[in-house]
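Student:
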Amino acid sequence: MSAITDAALQAAPADKARGYWTTVGRRISRDKVSMACAVILALIFLSAVLAPWLGLADPYQGSMIHRLRHIATPGYPLGSDELGRDMLARLVYGGRLSLIIGILPVILGFLIGTSLGLIAGYAGGKVNTAIMRTVDVFYAFPSVLLAIAISGALGAGIVNSIVSLTIVFVPQITRVAESVTTGVRNMDFVEAARASGAGPFTIMRVHMLGNVLGPIFVYATGLISVSMILAAGLSFLGLGTKPPEPEWGLMLNTLRTAIYVNPWVAALPGVMIFAVSICFNLLSDGMRGAMDIRN
Amino acid sequence: MLVYIARRIVYVIPIVLSVALVCFMLVHITPGDPLVAILPADASQELANQMRAAYGFDRPLPVQFWLWLWKALNGDLGHSIATGRPVLTEVLRAVGNTVTLAIAAAIIGFTLGLFFGLIAGYFRGTWIDRVATSIAIAGVSVPHYWLGMVLVIIFSVELNWLPAVGAGPGGSSAWGWDWDHIRYLILPAVTTSVIPMGIVTRTVRSLTGDILSQDFVEALRAKGLRETHVFRHVLKNAAPTALAVMGLQLGYMLGGSILIETVFSWPGSGLLLNSAIFQRDLPLLQGTILVLALFFVFLNLIVDVVQAAIDPRIKRT
Amino acid sequence: MRIGINSKAQLFATAMLAVAAMAALPCSGRAESVVRIGMTAADIPRTLGQPDQGLEGNRFAGGTMYDGLTMWDLSSADKPSVIIPGLATEWHVDDKDHTKWIFKLRPAVTFHDGSPFNADAVVWNVDKVLNKEAPQFDVSQVGVTASRMPTLVSARKIDDMTVELTTSEPDSFLPINLVNLYMASPVKWQKFYDAAEGADAKAKSQAAWAAFARDASGTGPWKMSSFTPRERLELVKNENYWDKARVPKVDKMLLLPMPEPNARTAALLSGQVDWIEAPAPDAVAEIKQRGFKIYANEEPHVWPWQFSRIEGSPWNDIRVRKAANLCIDREGMKDGLLAGLMVPATGTYEPGHPWRGNPAFQIKYDLPAAQKLMQEAGYGPNKKLSVKVQTSTSGSGQMLPLPMNEYLQQALAECYFDVKIDVVEWNTLFSVNWRKGAKDPSATGSNAINVTYSAMDPFFALVRFLQSGMAPPVSNNWGYINNPKFDEMVKKARQTFDPAERDKALAELHAASVDDAAFLYVAHDVGPRALSPKITGFVQPKSWLVDFSTMTITP
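Residue numbers (this note's numbering), protein chains in the order written: chain A, 12 to 306; chain B, 5 to 321; chain C, 5 to 559.
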C-alpha cells in the first residue's frame with residue numbers, strides 16, 4: 012500500500028470510517044494506472060528519504076573539471092551539473108526539498124482549511140460569515156499571483172515559499188470544506204444524532220468528519236500537483252530555494268544556460284517535476300473514482 | 005434572481021477594499037530599502053534619509069495607506085520609483101499585452117479542450133478516450149515554464165521557425181494582427197494554453213459523459229435520432245459550463261502569466277511584476293497586484309452573474 | 005507617437021512635416037542600416053539624462069544620447085581608458101581656493117532640439133540634482149548622480165562659455181566624477197514644463213521630466229527617435245555631432261531589454277538581434293560555432309573578497325591574507341569555469357594602468373608559498389582556519405558568484421582554510437549588508453564579503469574601502485580597515501591637483517594596498533558580448549562603456 016493511502020487511513024477517524032476506507036483501498040488497488048503512479052511516487056519518496064544510504068555521490072561536492080558531463084558518463088550515470096556535481100545524487104536529494112515544499116503547503120492547507128471550513132460550516136451564522144468573508148478576500152487573487160506576491164514580499168527562502176503556498180491553498184480548501192459541511196449538516200443522520208442528545212463536538216467528530224473528509228481529501232490531493240509546479244516555479248524565478256541546495260525548480264533555473272551544451276541533463280529536473288505532478292494527478296483521479304461509492 | 009445579482013454586485017465593494025488593503029500590506033512587509041532602485045548602495049546615509057522623506061516613506065504606514073487608497077480611488081496609482089512613469093499607464097499597457105496573450109491562449113486551449121473533451125466523453129472507455137485524457141492530464145501536470153524553454157530550443161534555436169522572445173518586431177506598441185506579429189505570439193500562447201486545454205478537456209469530458217447517460221438521450225436514440233444530432237445536443241448542453249470554466253481560466257492566465265512571460269520576455273503584467281519585485285519598486289508592485297486582483301474579482305463576478313442568468317437553479321452565496 | 009489632428013492648420017503642418025521627413029531620407033536608395041542590441045537590463049535605463057541600472061545604464065542611455073563635461077577615452081582596445089575633454093575643452097582648479105574649479109566650454113555645440121549648449125545649460129544641469137529650489141530639481145535623479153560626485157556643491161556662470169564649480173572640500177577627483185553628469189537640454193525641458201498640467205510646480209516638474217524621458221534631447225552622437233517603455237529604445241545617428249570623427253556610421257540602433265541570459269542567447273541565435281551583452285559562458289561555444297564573434301576586454305572591475313579587520317578576525321594576520329591571495333589558481337578558474345571570460349586579478353589595477361604603481365607583493369598562484377605562510381601563521385592540515393564569506397546568488401558584476409565562491413572554497417582548502425559560504429539575496433547584500441559592515445548582525449559572523457565593484461573612479465575603487473573614515477555607516481569600508489598610511493595617501497591624492505602628480509599619488513596608494521593584501525583579488529570582468537559577423541569596426545575598450553559610433557553593419 013502506498014504512502015498516500017496510508018496517510019489517508021491515518022487521517023480518517025479510525026473507528027467509524029474503516030469500512031469505507033477499506034472499500035476505497037480495495038477499489039484503488041485494482042486500478043492499474045493509479046497503482047503504477049503509486050509505485051512511482053513511492054519509489055521517488057523512498058529514494059528521497061533513504062538518499063544518504065543509497066551510496067550516491069555527495070550532492071554538494073562539485074568538480075570544475077567534470078562539469079556538464081553527459082548522461083551515462085562513467086561515474087556520472089545521469090551526467091553532472093554546471094558545477095560538476097553528480098546529477099543523479101542531486102535529483103534524488105533534490106526530491107527531499109522539492110517534495111517537502113510541494114506537499115507540505117497542501118498538508119498545512121488541508122489541516123487549516125478543513126478546520127476553518129468545519130467550524131464555519133457547522134457553526135453557521137456570524138462565525139461562518141467572518142471566516143468565509145475573510146477567505147473570500149484571499150480567494151479574490153489568482154493563485155499564482157498571490158503566491159508570487161507573498162514570496163516576493165517575504166523574500167526568497169524555503170520557509171517563505173511554504174508559507175506563501177499555504178496561504179494560497181487555505182482559502183480554496185476552506186471553501187470546499189465549508190460547502191461539504193453545510194451540506195452534510197442538514198442531512199437526516201445528523202439531525203438524528205442531535206435529537207438523541209449528542210453534543211456538537213461529538214457530532215462534528217464522529218459523523219461529520221467521516222462524511223466530510225473524503226471529498227476534501229480528494230480535492231487536496233488534486234492540489235499537490237499544482238503545488239509542486241508552483242513551488243518549483245517560485246524557485247525557478249529566484250523566489251524559493253536558495254543555492255546550493257538541490258531542488259528541482261532551482262536546478263532547472265541554474266541549468267538553463269547549459270541547455271546549449273547539454274540539453275538532456277538540463278531537462279532532467281523538469282522531467283522529475285513533470286513525473287511527480289502527473290502521478291499525483293492520476294492518483295487523485297483514481298481516488299476520486301474509488302471514493303465515489305455510488306457509482 | 006435580480007436580487008441575487010444585485011447582492012453579488014454590492015458584495016464586491018468590501019472585497020475590493022480588502023483586496024486593496026492586502027495589496028498594500030503585502031508590499032509593505034517587504035524587507036529592504038524601497039529606494040534601492042534609484043539610490044546606489046554607496047550613497048551617503050544623509051542622502052538616503054533626505055530621499056526617503058522626499059518620497060514620503062518616513063510617514064506612518066496607516067497614513068501612507070490612506071493617501072495611497074484615496075489617490076487610487078481617484079484613478080492615480082502614483083509613480084514608479086525606478087522609472088518615474090505613472091503606475092497606472094504602465095500597468096494598463098502591460099495588462100493589455102497579457103490580455104492579448106491570454107486570449108490567444110484561451111482560443112487555442114478552449115478549442116482543443118472542447119474537441120478532446122467531446123471525443124473523450126463520446127467514446128468513453130475506448131482508446132480515443134485514453135489518448136485524449138492523457139493529453140489533458142499532461143497539460144495540467146507539465147511545468148509550463150519548462151515546456152516554454154523546450155519549445156524555444158526546438159522552434160527558435162534549432163529550427164529557426166519562430167522568434168524566441170519579445171512582442172513583435174516593433175514592440176507591443178506597434179502590435180498588429182498579421183503574420184509578422186502573430187509569429188511572436190505562437191510559442192508563448194501555446195505554452196500558456198496547455199493548462200486551460202487540460203482543464204477544459206476534463207470538464208467537457210465529464211459533462212459529455214453525464215449528458216449521454218441521461219435517460220432522454222437514450223430515448224432520442226431509440227427514436228432513431230442520428231448521432232450528429234446527439235452530438236449537437238451534447239455540445240449545446242456542455243458549452244455554458246465549459247465557457248464559465250474558461251472564463252475563470254482567463255483570470256488565472258492574467259494573474260499567473262509571470263513564469264511564461266519571464267521565459268519569453270513577453271512585455272505583460274507578469275514581466276512587470278517580476279521587475280517590480282526584483283527592483284523593489286513598491287508603488288509599481290502594489291499597483292500591479294491591485295489591478296490584476298481587481299480584474300480577477302470582476303471576472304469572477306461576471307462569470308457568476310452570467311451563470312446565474314443561464315441557470316437560475318444555481319444558488320450561490 | 006499619436007498626433008491628434010483637429011484643425012486644418014495642424015493637418016497642413018503634419019503634411020509639411022511628412023514631406024520634410026521624406027526629403028530628409030537618404031537619397032542614395034540604400035537601405036537603412038540598423039543594429040539591434042539585446043541588453044541585460046530588465047528595463048530600458050532611464051532616458052532623461054541620468055540613467056539608472058548602473059553602468060549598463062550609462063553605456064546605453066547615457067553616453068549615447070548625452071555628453072558630460074569630461075568623458076572617458078573609448079577609442080583603444082589596448083590602452084587604459086583615461087579622462088579626455090568632453091563638453092568642456094579645458095579645466096583647472098583655482099590657485100587660491102582649491103574648492104573652486106574653472107571649466108571652459110566647447111563652443112558651437114547644440115542640443116538635438118537645436119538649442120545651444122552654454123554655461124546656463126551647465127548650471128541648469130547641476131541644479132537639477134543639487135539645488136532643491138530649482139524648478140527642474142528632480143529627486144529621482146539625485147541618488148544616481150549625487151553619490152557619483154560626492155563633493156560637488158554648486159555651479160556658477162562666469163560668462164557664456166565659462167562656469168565655476170564649487171566642491172565642499174578640495175577634491176582632485178572632480179573632473180573624473182563629472183563624466184557621470186550628463187547634459188540634458190534645458191530649452192526642451194522648459195517647453196514640456198510650460199505645457200505640463202499639474203496642481204503645483206512640483207507636479208508640473210514631474211510631468212515635464214516624464215515627457216522629457218519620452219522625447220529626450222542631449223548633445224550626444226545618438227538621438228532618441230522612438231521609445232516603448234520596458235520594451236525598446238530606438239536611437240538614430242546625430243549627423244551634426246560636434247566630434248565629426250564620432251558621427252555614427254550606422255543609421256539606427258535598437259536597444260531591447262533581455263534580462264534572461266538564455267532568452268538573450270536564443271534571440272541572437274535565431275537572428276532576432278545582432279548583438280547581445282553578456283552571453284552565458286556555457287553558451288559561448290555554441291555561439292562561436294555558429295559564426296558569431298565574442299568580444300571581451302579587461303574592465304575596470306574587481307571581483308574580490310573584502311576582509312573583515314575587526315578585533316578577532318583571522319584576516320588581521322597579513323600572512324593569512326597573502327596566503328589566500330597565493331592559493332588561487334585564477335587561470336584554472338578562467339578556463340574551467342568562465343570559458344575564458346575573465347582576467348585574473350593581481351590587484352585593483354593591472355600593469356599598464358596609470359594607477360597601478362609598483363607593488364612589491366606579486367599576486368600569483370604559488371601553492372607551496374601559500375602553505376608555508378599558513379604554517380608560519382600556525383595553521384596546517386590538522387589545524388584548519390575557519391572563515392566565512394557572504395555572497396549572493398546573482399547580481400550586477402557578480403559574474404557567477406556561487407560557482408566562483410565554491411571554486412575558491414575548493415582551492416583554499418589546499419591551504420588549510422575551511423570556507424563556509426553564506427548566501428544572501430543580491431539587493432540585501434549590496435544595499436544593506438555591505439553598508440552595515442562586519443560588526444553588524446547582518447554579517448552573521450562572516451569575516452569576508454564578496455561584493456564586486458567598479459574601479460573606473462578612484463573614490464569608488466580605492467578611497468571608500470581603504471580610508472578609515474569610510475567605515476560604516478559612512479561608506480563601504482565594510483571590514484573597518486584602519487591604516488594611517490592609507491589615510492595619509494588618500495589625503496595626498498585628493499589634494500594633488502596636477503593630473504600627472506595625482507595619478508602618481510593614486511598609484512602609490514594602490515601599490516600600498518596590494519602590498520598589504522587588503523583584498524583577496526580574484527578576477528576582473530571582461531564585459532563579454534556576442535556580435536553578429538555582419539558587424540565590423542567595433543572596438544571594445546578597457547571600460548564598462550563603449551563607443552557605438554565606429555561600427556558598421558552589412559545587410
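All C-beta atoms in this analysis are idealised placements derived from N, C-alpha and C, irrespective of residue type, glycine included.
Treat the numbers as computed from the prediction; the structure is a model and nothing was measured.
What residues in the stretch 241–262 of chain C bring their beta carbon closer than 9 Å to a beta carbon of chain B?
Tutor: Leu260, Pro261 and Met262
Student: So Val223(A) and Ser295(A) are supposed to be a Cβ contact under 8 Å. How far apart are they, rounded?
Tutor: About 18 Å separates the two Cβ atoms, so there is no contact after all.
Student: What does a CB cutoff of less than 7 Å around Ala193(B) pick up in its chain, not counting 5 residues either side in sequence?
Tutor: Leu105, Ala108, Ala109 and Ile112
Student: Closer than 8 Å by beta-carbon distance: list the chain A residues that pair up with Ile281(B), in chain order.
Tutor: Ile159, Gly163 and Leu250
Student: Starting from His233(B) and walking both ways along the beta strand (DSSP E), at which residues does that stretch end?
Tutor: Per DSSP, His233(B) belongs to no beta strand (DSSP E); it is in the alpha helix (DSSP H), Glu231 to Gly259.
Student: Within the continuous beta strand (DSSP E) that includes Tyr97(C), where are the two ends?
Tutor: The displayed chain sequence assigns Val, not Tyr, to residue 97(C). It spans Ala92 to Val97 - the beta strand (DSSP E) in which Val97(C) sits, taken as one unbroken run.
Student: From the DSSP output, read off the bridge partner residues of Trp76(C).
Tutor: Ile87(C)
Student: At the 8 Å Cβ level, is Gly90(A) part of the contact set with chain C, yes or no?
Tutor: no
Student: If we call anything under 8 Å between Cβ atoms a contact, is Gly291(B) one with Trp213(C)?
Tutor: no
Student: Which residues mark the beginning and the end of the beta strand (DSSP E) in which Thr4(C) is found?
Tutor: Residue numbering for chain C in the displayed model covers 5 to 559; residue 4(C) lies beyond these limits and cannot be assessed.
Student: In three-state terms, what does DSSP make of Asp270(C)?
Tutor: Reading off the sequence, residue 270(C) comes out as Ala, not Asp. In this structure, Ala270(C) counts as helix in the three-state DSSP scheme.
Student: Short of 7 Å Cβ to Cβ, which residues in the stretch 57–86 of chain C face chain E?
Tutor: Considering every chain present, this structure includes no chain E. Its protein chains are A, B and C.
Student: Within 8 Å (strictly less), CB to CB, does Ile289(A) reach chain B?
Tutor: yes
Student: Please confirm if the stretch 130–137 of chain A is in contact with the stretch 231–250 of chain A, defined as three or more CB-CB distances below 8 Å between the two stretches.
Tutor: no
Student: Would you mind telling me which residues of chain A sit closer than 8 Å to Pro348(C), beta carbon to beta carbon, in chain order?
Tutor: Near Pro348(C) there are no residues of chain A at all, since even the closest Cβ is about 15 Å away, more than 8 Å.
Student: So, with DSSP's three-state summary, where would you put Glu238(C)?
Tutor: strand
Student: Among Asn266(C), Asp491(C) and Gln57(C), which one has its Cα closest to the Cα of Gly147(C)?
Tutor: For Gly147(C), the closest C-alpha among the options Asn266(C), Asp491(C) and Gln57(C) is that of Gln57(C).
Student: With DSSP run on the structure shown, which of helix, strand or coil describes Pro192(B)?
Tutor: Here Pro192(B) carries a helix assignment [DSSP, helix/strand/coil].
Student: Looking at Ala270(C) and Val169(B), is the spacing between their C-beta atoms short of 8 Å?
Tutor: Going by C-beta atoms, Val169(B) is nearer than 8 Å to Ala270(C).
Student: Flag Asp286(C) as yes if its beta-carbon sits less than 8 Å from any beta-carbon of chain A, otherwise no.
Tutor: yes
Student: Would you mind working out which of Gln471(C), Gly344(C) and Ala522(C) sits nearest Arg498(C), comparing C-alpha positions?
Tutor: Gln471(C)
Student: Name the chain A residues whose beta carbon is nearer than 7 Å to that of Val4(C)?
Tutor: Nothing about residue 4(C) can be read from this structure; chain C reaches only from 5 to 559.
Student: Distance check for Glu315(C) and Tyr150(A), CA to CA, integer angstroms please.
Tutor: 53 Å
Student: When the Cα atoms are used, what is the spatial distance from Ala373(C) to Asn329(C)?
Tutor: So the two alpha carbons sit approximately 10 Å from each other.
Student: Cβ atoms of Phe552(C) and Pro252(C): under 8 Å apart, would you say?
Tutor: yes
Student: Label Asn197(A) either buried or exposed according to how many other C-beta atoms from any shown protein chain fall within 10 Å of its C-beta, with 16 as the threshold for buried.
Tutor: exposed
Student: Is the beta carbon of Ala131(A) sitting closer than 8 Å to the one on Val154(B)?
Tutor: no
Student: Mind pulling the chain A residues with CB within less than 9 Å of Ala150(C)?
Tutor: The contacting residues do not exist; Ala150(C) stays about 29 Å from chain A at best.
Student: I'd like to know whether the C-beta of Glu36(C) is nearer than 8 Å to at least one C-beta of chain A.
Tutor: No, its Cβ sits nowhere closer than 8 Å to a Cβ of chain A.
Student: Less than 8 Å between C-beta atoms, sequence neighbours within five positions excluded: which residues of the same chain meet that for Ile306(B)?
Tutor: Gly251
Student: Whole-angstrom Cβ separation of Pro271(B) and Gln276(C), contact assumed at under 8 Å?
Tutor: That belief does not hold up - the Cβ atoms of Pro271(B) and Gln276(C) are roughly 14 Å apart, past 8 Å.
Student: If you draw a straight line from the C-alpha of Tyr133(A) to the C-alpha of Gly163(A), how long is it?
Tutor: 36 Å
Student: By the three-class DSSP mapping on this structure, what secondary structure does Gly61(C) have?
Tutor: Reduced to three states, the DSSP call for Gly61(C) is helix.
Student: For the candidate residues Val436(C), Phe296(C) and Lys206(C), whose alpha-carbon lies nearest to that of Phe141(C)?
Tutor: Closest option to Phe141(C), Cα to Cα, is Lys206(C).
Student: Which residues in chain A have a C-beta closer than 9 Å to the C-beta of Met4(B)? List them in chain order.
Tutor: The requested residue 4(B) does not occur in the structure, where chain B is confined to residues 5 to 321.
Student: Taking all protein chains shown into account, do 16 or more other C-beta atoms lie within 10 angstroms of the C-beta of Val50(A), making it buried, or fewer, making it exposed?
Tutor: Exposed is the call here.
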